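Taking the numbering used here, the leading residue of the sequence shown gets 44, the next gets one more, and so forth.
Beta carbons are placed, not taken as given, at the ideal position from N, Cα and C, and that holds for glycine.
Just so we're clear, the structure is a prediction, and the values are computed from it rather than from any experiment.
See below for the structure under consideration.
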Amino acid sequence: KRWNEQRPAANVEIAEGTRDAAAGLTFLQMAREGWGFQKSQNGGGSVPQPSFYSSPYHRYASRVPAPDREDGMFHGMDVSLTGIADLAQGDTASLKRALGQIDATVGAAQNQYKLGDPGNIAAMLADGLRQTRALMDQVRGSALPSPGKDDVLFELGVKEHQFEEALCAALQISFDAAVVPEKAQSGPFAAFAGPPPTPPMIVPGQKFFVSAHIVNQGRESLAIDTLHLVPSDSADWTWAAEKTPPPASIEAGKESRVRFVVTAPAGAKLTKPYFSRPDQEQPYYNINDERYRNLSFAPYPLAAAVRLRYRGQAFDIVKTVETNQRVEGLGLLEQPLMVGPAISASIAPGAGAVPLSASSFSLSATLRSNENRAASGMLRLHLPAGWTATPDGQAFALAHEGDTQTFSFEIAPRNLKAQSYEIRAAAEYAGKSYEEGFRLVGYPGVRSYPYYRPATYKAVGVDVKTAPGLNIGYFPGTGDDVARALEELGVRVQILSAADIESGNLAAYDAIVLGVRAYAVRPELRAANDRLLDYVKQGGTLVVQYNLQNFDRNY
44 KRWNEQRPAA NVEIAEGTRD AAAGLTFLQM AREGWGFQKS QNGGGSVPQP
94 SFYSSPYHRY ASRVPAPDRE DGMFHGMDVS LTGIADLAQG DTASLKRALG
144 QIDATVGAAQ NQYKLGDPGN IAAMLADGLR QTRALMDQVR GSALPSPGKD
194 DVLFELGVKE HQFEEALCAA LQISFDAAVV PEKAQSGPFA AFAGPPPTPP
244 MIVPGQKFFV SAHIVNQGRE SLAIDTLHLV PSDSADWTWA AEKTPPPASI
294 EAGKESRVRF VVTAPAGAKL TKPYFSRPDQ EQPYYNINDE RYRNLSFAPY
344 PLAAAVRLRY RGQAFDIVKT VETNQRVEGL GLLEQPLMVG PAISASIAPG
394 AGAVPLSASS FSLSATLRSN ENRAASGMLR LHLPAGWTAT PDGQAFALAH
444 EGDTQTFSFE IAPRNLKAQS YEIRAAAEYA GKSYEEGFRL VGYPGVRSYP
494 YYRPATYKAV GVDVKTAPGL NIGYFPGTGD DVARALEELG VRVQILSAAD
544 IESGNLAAYD AIVLGVRAYA VRPELRAAND RLLDYVKQGG TLVVQYNLQN
594 FDRNY
């Protein structure tokens, strides 16, 4: 509660310039490499050369005794495995002894680990897993008071999961599951083609095929207790091994594939974020499913799980069911299987201005099929009272999965006022009405997830008058709908090319408008900046929209 105008003293410094032997990079380099994957806000940073660098931190408060100078963020706190006992109250002597035994097992495994022979420590990891589970049972039946008892069990649960992952890695077990075509690839080059491409999305009620693949690259055989599929949203999914049931074991140096015939329930939940907001004006998101509050997104709909047993200890491997898409220039990319609507409907852009004097305006709606068969139905618009659309409905026929079809309507408003009106598109198909659409958001390195928007159009009545016969040149930037918005107001707009800016007759335009962040993405604009200034000096009007530091060169 005191104002300090001096630089705070450093209580701890983190040596980010330290080199990590396994990665061959400093921690600062690793951090900057991760930052380099940022795709927005001018992209990320570049990886610097190695250097000695430390980040100073000032401590404003502490719950444990701490000196002015600390040797790390956890100074004064026992973050060892045996330190878990400090979370409990009462007699913790037996708890500390058991944790010490687990810690000794971990230390022995670390000391005997060999990079070329990870299976050398598998037996010790199995012992550590057994010890951890036995201690969890002991704590559950103990008289330790809560909440400390619950905290200990939580931390032991984390250790149990870590032991399972380490044991899987030491035994060199690989497990994955992917959607596959009904008919396997054949021909002389099938073995070299890799996994066949499969659609990233299924619809409720659809039948499809999943292949689960387990590989034992270790030196010991393992028992297979169970191998099955795990839906995240419903118990009504059905699946069955197509020909032979899962094997009872997997021998060393062997692999096994199990192909399932799967049917999604008719009421399968769509793969959607668990949060939403009705419009951009609402400054917060509604939580639609409290179960996933601490997750980035709701889980993908289907996973495969195998339970293996080694030296009496069972451990699970759970993997999301993937699909394969071939992307030109990148090759085959894995993306999680998703559940989507049979028909996706969208209106783009989602809003527009309508002059109060307008007798009509145009609107386009696009439909996309996610069905693995032909789909046909009727597209209609729900309009404000008294408004009409020509035509009033249009039949659609989408022959294949992924097919799209765009429809144009001429809207005649009635009693138009300076306010907002909503128009909603609805695709009627197979007894259902589809009134929203999605696009997949993501890029290589980030898993895709659907972004949904309702198929609505906000028509805004605007009391506006424009000078007749204006000729506007528009030079696009990073993407916007300004050109279209000007046309909606009755202004003639010509989209300018790089050649127009560099050598065209700029005097032909009453005004030239530069798109958002155009100087950042259009180098020819920077080179031709003097031509634009000359155009202004000769009486032209230049409108420059939002730009960032790329504009900061006396432009």
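Task: contact_flag[the stretch 222-232, the stretch 284-297] where n(CB pairs < 8 angstroms) is 3 or more - done: no
- [ ] Excluding the 5 residues preceding and the 5 following Glu59 in the sequence, name in chain order all residues of the same chain whose CB lies nearer than 8 angstroms to its CB.
- [x] Taking the sequence shown and counting its residues from 1, the one referred to as residue 59 is at position 16. Closer than 8 angstroms at the Cβ level, and outside the excluded window around Glu59, lie Thr69, Phe70, Leu71, Ala74, Tyr96, Ser97 and Ser98.
Open item on the list: Quick check on the DSSP output: what are the complete beta strand (DSSP E) runs of length 3 or more inside the stretch 225-299, in order along the chain?
Closed with: 250-259, 265-274 and 281-284
- [ ] Output yes or no for whether 9 angstroms exceeds the beta carbon distance between Ala551 and Gly516.
- [x] In the sequence shown, counting from the first residue as 1, residue 551 sits at position 508. In the sequence shown, counting from the first residue as 1, residue 516 sits at position 473. Yes. Within cutoff.
Task: Cβ neighbour criterion (16 or more within 10 Å) applied to Thr363 - done: Here residue 363 corresponds to residue number 320 of the sequence shown, with the count starting at 1. Thr363 comes out buried.
TODO: Specify, as a first and last residue, the run of the beta strand (DSSP E) that Ile145 falls within.
DONE: In the sequence shown, counting from the first residue as 1, residue 145 sits at position 102. Taken as a continuous stretch (DSSP letters only), Ile145 belongs to no beta strand (DSSP E), being part of the alpha helix (DSSP H) at Ala136 to Gln155.
- [ ] With a threshold of 16 other CB atoms inside 10 Å of the CB of Arg411, please say whether the residue is buried or exposed.
- [x] Locating residue 411 in the sequence shown gives position 368, counting from the first residue. Buried is the call here.
TODO: Report, in whole angstroms, the separation of the C-beta atoms of Pro243 and Thr61, which I expect to be a contact under 8 angstroms.
DONE: Here residue 243 corresponds to residue number 200 of the sequence shown, with the count starting at 1. Here residue 61 corresponds to residue number 18 of the sequence shown, with the count starting at 1. Actually they do not touch by this definition, with Cβ atoms about 41 angstroms apart.
Task: Helix, strand or coil at Val505 according to DSSP, with G and I counted as helix - done: As a position in the sequence shown, residue 505 is number 462, starting the count at 1. Note: Val505 maps to strand in three-state DSSP.
Task: Assigned secondary structure, Arg596 (DSSP; H/G/I helix, E/B strand, else coil) - done: The residue you call residue 596 lines up with position 553 of the sequence shown. Arg596 falls in the coil class under three-state DSSP.
TODO: Within the same chain, show all residues whose beta-carbon is closer than 7 angstroms to that of Glu414, passing over the 5 residues directly before and after it, in chain order.
DONE: What you label residue 414 is simply residue 371 of the sequence shown in a count that begins at 1. Within the same chain, Glu414 has close Cβ partners Val246, Ala385 and Glu444.
Task: Glu333 burial status per 10 Å Cβ neighbour count (16 or more: buried) - done: Taking the first residue of the sequence shown as 1, we reach residue 333 at position 290. By the neighbour-count rule (16 or more Cβ atoms within 10 Å), Glu333 is not buried but exposed.
Open item on the list: What would DSSP say about Lys312, mapped onto helix, strand or coil?
Closed with: The residue given as residue 312 occupies position 269 in the sequence shown. Reduced to three states, the DSSP call for Lys312 is coil.
Open item on the list: Across the stretch 338-355 and the stretch 453-466, are there enough close Cβ pairs to call them in contact, namely three or more that are closer than 8 angstroms?
Closed with: no
Open item on the list: Between which residues of its own chain and Tyr494 is the CB-CB distance below 7 angstroms, once the five residues before and five after are set aside?
Closed with: Within the sequence shown, the letter at position 451 stands for residue 494. Excluding sequence neighbours, Tyr494 sits near Phe481, Arg482 and Val484.
Open item on the list: What would DSSP say about Pro51, mapped onto helix, strand or coil?
Closed with: What you label residue 51 is simply residue 8 of the sequence shown in a count that begins at 1. Reduced to three states, the DSSP call for Pro51 is coil.
Open item on the list: Measuring only the C-alpha atoms, how far is Pro274 from Pro308?
Closed with: Against the sequence shown, residue 274 aligns to sequence position 231. Against the sequence shown, residue 308 aligns to sequence position 265. When rounded, the distance between both Cα atoms is 11 angstroms.
Task: Simplified DSSP assignment, three categories, for Gly480 - done: In the sequence shown, the residue the question calls residue 480 occupies position 437. Of the three classes helix, strand and coil, the one that applies to Gly480 here is strand, per DSSP.
Open item on the list: Taking the alpha-carbon of Lys202 as reference, which of Gln378, Val222 and Leu178 has the nearest alpha-carbon?
Closed with: Residue mapping note: residue 202 aligns to position 159 of the sequence shown, counting from 1. Cα-wise, what sits closest to Lys202 is Leu178.
Task: Touching by the beta-carbon criterion (3+ pairs, under 8 angstroms), the stretch 251-268 and the stretch 341-349 - done: Yes, the stretch 251-268 is in contact with the stretch 341-349.
Task: Supposed contact pair Ala147 and Lys139 - C-beta distance, whole angstroms, cut 8 angstroms - done: As a first step, residue 139 must be located in the sequence shown, where it is residue number 96. As a first step, residue 147 must be located in the sequence shown, where it is residue number 104. Contact flag wrong, Cβ pair sits at about 13 angstroms.
Task: Cβ pair Glu567, Ala541 closer than 9 angstroms - done: Indexing the sequence shown from 1 puts residue 567 at position 524. Indexing the sequence shown from 1 puts residue 541 at position 498. Result yes, Cβ atoms of Glu567 and Ala541 sit closer than 9 angstroms.
Task: When Asp279, Val222, Gly237 and Lys297 are compared against Ile35, the one with the closest alpha-carbon - done: Since the first residue shown for the chain is 44 and the last is 598, residue 35 is missing from the structure and cannot be characterised.
Task: Ordered list of alpha helix (DSSP H) runs contained in the stretch 416-461, each at least 4 residues - done: none
- [ ] Would you kindly check if the distance between the Cβ of Ala408 and the Cβ of Phe450 is under 9 angstroms?
- [x] Here residue 450 refers to the residue found at position 407 of the sequence shown. Here residue 408 refers to the residue found at position 365 of the sequence shown. Taking 9 angstroms as the Cβ cut-off, Phe450 and Ala408 qualify as a contacting pair.
- [ ] Ignore the nearest five residues each way along the sequence and tell me which others in Ser89's own chain have a CB closer than 8 angstroms to its CB.
- [x] By 1-based counting over the sequence shown, the position of residue 89 is 46. Cβ neighbours of Ser89 beyond the five flanking positions: Arg75 and Gly79.
Task: Residue(s) in a DSSP beta bridge with Leu585 - done: The residue given as residue 585 occupies position 542 in the sequence shown. Per DSSP, Ile555.
- [ ] Inspect the CB distances between the stretch 323-341 and the stretch 468-479 and report whether three or more fall short of 8 angstroms.
- [x] no
Task: For Glu465, the nearest candidate out of Gly436, Ala440, Thr499 and Ala438 (CA to CA) - done: Residue numbering aside, residue 465 sits at position 422 when the sequence shown is read from its first letter. Nearest of Gly436, Ala440, Thr499 and Ala438 to Glu465, Cα basis: Thr499.
Task: Range covered by the beta strand (DSSP E) that runs through Glu471 - done: In the sequence shown, counting from the first residue as 1, residue 471 sits at position 428. In the DSSP assignment, Glu471 falls within the beta strand (DSSP E) that extends over Ser463 to Tyr472.
- [ ] Report yes or no: do the stretch 46-56 and the stretch 98-112 share at least 3 C-beta pairs separated by less than 8 angstroms?
- [x] With a cut-off of 8 angstroms, the stretch 98-112 and the stretch 46-56 count as touching, because enough Cβ pairs lie within range.
TODO: Tell whether a beta-carbon distance below 9 angstroms holds between Val182 and Leu199.
DONE: Taking the sequence shown and counting its residues from 1, one reaches residue 182 at position 139. Taking the sequence shown and counting its residues from 1, one reaches residue 199 at position 156. Yes; because the gap between Cβ atoms is below 9 angstroms, this pair is in contact.
Open item on the list: Using only CA atoms, which one of Tyr335, Gly310 and Phe404 lies nearest to Phe318?
Closed with: Working through the sequence shown from its first residue, we reach residue 318 at position 275. Looking at the Cα atoms, Tyr335 is the closest of the given residues.
Task: Anticipated Cβ contact below 8 angstroms, Leu380 with Gln368, distance rounded - done: Within the sequence shown, the letter at position 337 stands for residue 380. Within the sequence shown, the letter at position 325 stands for residue 368. Their Cβ separation, rounded to whole angstroms, is 11 angstroms, which puts Leu380 and Gln368 out of contact at 8 angstroms.
- [ ] Go to Leu178, then tell me how far its alpha helix (DSSP H) extends in each direction, as first and last residue.
- [x] Working through the sequence shown from its first residue, we reach residue 178 at position 135. Unbroken alpha helix (DSSP H) run through Leu178: Ala165 to Arg183.
TODO: Determine the contact status of Ala396 and Val507, defining contact as a CB-CB distance below 9 angstroms.
DONE: Along the sequence shown, one-based indexing puts residue 396 at 353. Along the sequence shown, one-based indexing puts residue 507 at 464. Contact: yes.
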